[in-house]
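Asks: Would you mind keeping the following structure in view while I ask a few things?
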Amino acid sequence: MELCDLSATELLNMMRRGEVTSVDVTRSALKRIEEKEKTIRAFITLTPELALELAAEADQRWQHQEKVGRLNGVPVAIKDVLCTKGIRTTCASRILSNYNPPYNATAVQRLLDEGAVIVGKTNMDEFAMGSSTENSAFGPTRNPVDPERVPGGSSGGSAAAVATGEAVLAVGTDTGGSIRQPAAFCGVVGMKPTYGRVSRYGLIAYASSLDQAGPFARTVEDCALLLNIISGHDPKDSTSASLPVPDYIQALGKGVKGLKIGLPKEYFIKGLDEAVREKVMDAVGLLAREGADVVDISLPHTPYAISTYYLIATAEASSNLARYDGVKYGYRADGDIEDTIHMYEETRYAGFGKEVKRRIMLGTYVLSAGYYEAYYLKAQKVRTLIKEDFDRALETVDCIITPVSPCLPFRIGEKLGDPLQMYLVDVYTVSLNLAGLPAISVPCGDVDSLPVGLQIIGKAFDEQMVLQVAYAYEQLRKG
Ligand code: GLN
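Here you go:
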């Protein structure tokens, strides 16, 4: 056990007592990076010098007991979709491979303001489109549990970095499952907050009505700590909610006795791996023995979730990605190009990967005259029905429990040639983005040494309940 294997909460206590320094902790993470990166490749860009500089500054603050932030001296990794001032931010795309943002995303700025030590920018599916981190222009990340397998995606690099100890905490983003599914696949905790809880300023847009940044950690307490810091209203993002942020750590420890937990019958059907189902039901059993009241519920529009998501997400993506034209940002095709239109074409042809192009074409199609009503508009209506399913269910229960993924971490290459198979992996996660609700993935055991994630879903802006149940379960499981 090295320093980088400890939780942020433990490390902060040790640094406060003067038992270790942030430089010690940061060196330990950098050493782990050196050992692990050859195989795992969780990062696109590493920032070791900056990390040691930030760590030395954090140590100064500890020493003088001045402006000691809530993450003072803790190594954190950032998904490469969040803008970092002066640090290359690529979105794992060739088209942004030389983009150096002139500003920090609000979530990143809040981390820095609290003294966090940035160790690097993590790998992801290009523009966050994917479920395996294989769609990266920088090559795939491997699952630390079994390097022949994917770490999940699109925030696979953030999940892997936390699982290996290359970082103590990480930030990811979740548009349709991209925090929860990689957390499940790598055996760590990951949470998608309510839409509007965390500012999207400086989060490079994939699908703006679904995108949300959130924490990765190895414990629920650390997850709550990181959420405390990145949450809250931001005048720079009009979709961020102007609601007070409760202290999420205070919510932990209240237990589950008397809580009503709903199990949606549509989530436990054919297509769900039997071994995954067993692990999830074991977890539910443990909570029931602890005094939770488990009831069956129905979310009848579940069968439409995947198609609704892939219509809305691609429509928004096609519009958001129109800005990459070789003029304003990043890569521009050069050579013998006769006019501007050809420059656009050549830039986008060479700059985007296969999956991104597929989605731009799909999205352009569903928004085009003649198809708009049949696809995009209909998907918006079904989105409302899906949201109403959850609103109705959550009137009768405190939270909902489901699997995160219908399958165990799959092999690298296994689903890459079959987009539909890849999309189907998102069946249990996309609905929460469509409904805008908070949901966490917390480890609930292994099958043949491969981790399984338990999804706990709450009411809008009731992250406390989600964390309370997750924490109770984590403690029970530890025994
Ligand atoms: N796997 C989903 C997709 O490919 C979700 C991605 C995400 O949450 N960013 O769109």
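In our numbering, the protein residues as written are 567 to 1045. Glycine included, C-beta positions come from ideal geometry on N, C-alpha and C. Here the structure is a predicted model, which is why all the values come from computation and not from measurement.
(1) Return the first residue and the last residue of the beta strand (DSSP E) that V737 is part of.
(2) Measure the CB-CB distance between I610 and N689 and report whether it falls below 8 Å.
(3) Alpha helix (DSSP H) containing G1011: first to last residue?
(4) Between G686 and T613, which are expected to be in contact by the criterion C-beta below 8 Å, what is the C-beta distance as a whole number of angstroms?
(5) Could I get the ranges of all uninterrupted alpha helix (DSSP H) runs contained in the region 607-646, with 4 residues as the minimum, in chain order?
(6) Out of Y1037, S971, R582, L637, which one is the CA nearest neighbour of E840?
(7) Is there at least one Cβ from chain C nearer than 8 Å to C965's Cβ?
(8) Cβ-heavy atom distance between M695 and the ligand GLN below 7 Å?
(9) Give me, in chain order, the residues of the same chain whose beta-carbon lies closer than 7 Å to that of V683; leave out the 5 immediate sequence neighbours on both sides.
(10) With a threshold of 16 other CB atoms inside 10 Å of the CB of G837, please say whether the residue is buried or exposed.
(11) Considering Cα atoms alone, identify which of V860, N666, Y875 is closest to G743.
(12) Using 8 Å as the threshold, is the C-beta distance between T707 and A726 below it?
(13) Near D788, which residues of its chain fall below 7 Å by C-beta distance, leaving aside the five closest residues on each side in sequence?
(14) Go ahead and label S1015 buried or exposed: buried means 16 or more other beta carbons lie within 10 angstroms of its beta carbon, across all protein chains shown.
(15) What do you get for S934, buried or exposed, if any count of 16 or more other CB atoms within 10 angstroms of its CB means buried?
(16) Taking a contact to mean a Cβ-Cβ separation below 8 Å, would you say E692 touches S724 in this structure?
(17) N794 to Y938, Cα distance in whole Å?
(18) Strictly by DSSP, which residues pair up with F976?
(19) Can you tell me where the beta strand (DSSP E) with L933 in it begins and where it stops?
(20) Bridge partners for L1016 per DSSP, in chain order?
(21) Taking P667 as the reference, which of M695, C649, T950, L678 has the closest Cα?
(22) On the DSSP bridge list, what partners appear for R715?
(23) If you measure from the CB of D984, is any heavy atom of the ligand GLN nearer than 7 Å?
(24) Tell whether a beta-carbon distance below 8 Å holds between V786 and V1008.
(25) Find the nearest neighbour of S806 within the set N999, Q1041, S765, judged by alpha-carbon distance.
(26) Can G828 and I952 be called in contact, C-beta distance under 8 Å?
(27) Who pairs with G780 in a beta bridge, going by DSSP?
(28) Just to confirm, are K1120 and C973 a CB contact at a threshold of 8 Å?
(29) Excluding five sequence neighbours on each side, which residues of the same chain lie with their C-beta closer than 7 Å to the C-beta of A773?
(30) Which first and last residues belong to the beta strand (DSSP E) in which M580 is found?
(31) Just verifying my parser: in three-state terms, what is the DSSP assignment at L998?
Replies: Short version:
(1) Numbered from 1 along the sequence shown, position 171 holds the residue referred to as residue 737. That run of the beta strand (DSSP E) goes 735-739.
(2) As a first step, residue 610 must be located in the sequence shown, where it is residue number 44. As a first step, residue 689 must be located in the sequence shown, where it is residue number 123. Taking 8 Å as the Cβ cut-off, I610 and N689 qualify as a contacting pair.
(3) Position 445 of the sequence shown, counted from the start, is the residue given in the question as residue 1011. Annotation: G1011 is outside any alpha helix (DSSP H); the continuous beta strand (DSSP E) that includes it extends over 1005-1013.
(4) Mapped onto the sequence shown, residue 686 falls at position 120. Mapped onto the sequence shown, residue 613 falls at position 47. Going by Cβ atoms, the distance from G686 to T613 rounds to 5 Å, so yes, they are a contact pair.
(5) Considered as a whole, the region 607-646 harbours 614-630 as its complete alpha helix (DSSP H) runs of no fewer than 4 residues, in chain order.
(6) By one-based count along the sequence shown, residue 840 stands at place 274. Among Y1037, S971, R582, L637, the Cα nearest to that of E840 belongs to S971.
(7) Among the chains in the structure shown there is no chain C, since it carries only a single protein chain.
(8) Counting from one through the sequence shown, the residue named residue 695 turns up at place 129. Correct: M695 has its Cβ closer than 7 Å to the ligand GLN.
(9) On the sequence shown, position 117 is the one that residue 683 refers to. Excluding sequence neighbours, V683 sits near S588, T592, A617, L620, A621, A624, G639, V640, P641, V642.
(10) Along the sequence shown, read from residue 1 onward, the residue named residue 837 stands at position 271. Per the 10 Å Cβ criterion, exposed.
(11) Along the sequence shown, one-based indexing puts residue 743 at 177. Comparing C-alpha distances from G743 to each of V860, N666, Y875 shows the shortest one belongs to Y875.
(12) Indexing the sequence shown from 1 puts residue 707 at position 141. Indexing the sequence shown from 1 puts residue 726 at position 160. Contact: yes.
(13) What you label residue 788 is simply residue 222 of the sequence shown in a count that begins at 1. Excluding sequence positions up to five before and after D788, its CB lies within less than 7 Å of the CB of S573, A574, T575, L735, all in the same chain and listed in chain order.
(14) Residue mapping note: residue 1015 aligns to position 449 of the sequence shown, counting from 1. Flag for S1015 reads exposed.
(15) By 1-based counting over the sequence shown, the position of residue 934 is 368. When all chains shown are included, S934 counts as exposed.
(16) Residue numbering aside, residue 692 sits at position 126 when the sequence shown is read from its first letter. Residue numbering aside, residue 724 sits at position 158 when the sequence shown is read from its first letter. No, they are not a contact pair.
(17) Here residue 794 refers to the residue found at position 228 of the sequence shown. Here residue 938 refers to the residue found at position 372 of the sequence shown. When rounded, the distance between both Cα atoms is 40 Å.
(18) As a first step, residue 976 is located in the sequence shown; it is residue number 410 there, counting from the start. For F976, DSSP records no beta bridge to any residue.
(19) Here residue 933 corresponds to residue number 367 of the sequence shown, with the count starting at 1. Where L933 is concerned, there is no enclosing beta strand (DSSP E), although the alpha helix (DSSP H) around it starts and stops at 920-933.
(20) For the purposes of this step, residue 1016 is taken as residue 450 along the sequence shown, with counting starting at 1. Per DSSP, V1013.
(21) Counted from its first residue, the sequence shown places residue 667 at position 101. Nearest of M695, C649, T950, L678 to P667, Cα basis: C649.
(22) Locating residue 715 in the sequence shown gives position 149, where the first residue counts as 1. Per DSSP, R977.
(23) One-based indexing of the sequence shown puts residue 984 at position 418. Here the distance from the Cβ of D984 to the nearest heavy atom of the ligand GLN is not below 7 Å.
(24) Counting from 1 along the sequence shown, the entry for residue 786 is found at position 220. Counting from 1 along the sequence shown, the entry for residue 1008 is found at position 442. Yes. Within cutoff.
(25) Within the sequence shown, the letter at position 240 stands for residue 806. Of the candidates N999, Q1041, S765, S765 places its Cα closest to the Cα of S806.
(26) On the sequence shown, position 262 is the one that residue 828 refers to. On the sequence shown, position 386 is the one that residue 952 refers to. Contact flag unset, no.
(27) Residue mapping note: residue 780 aligns to position 214 of the sequence shown, counting from 1. For G780, which the question treats as bridged, DSSP gives the partners G738.
(28) In the structure displayed, the chain extends from 567 to 1045; residue 1120 sits before or after that span and is not available.
(29) Here residue 773 refers to the residue found at position 207 when the sequence shown is read from its first residue. The residues T741, I878, A879, E882, A883, in chain order, have a CB closer than 7 Å to that of A773 in the same chain once the five nearest residues on each side in sequence are set aside.
(30) By 1-based counting over the sequence shown, the position of residue 580 is 14. Careful: M580 lies outside any beta strand (DSSP E), inside the alpha helix (DSSP H) at 574-582.
(31) Residue numbering aside, residue 998 sits at position 432 when the sequence shown is read from its first letter. L998: helix per DSSP, three-state reduction.
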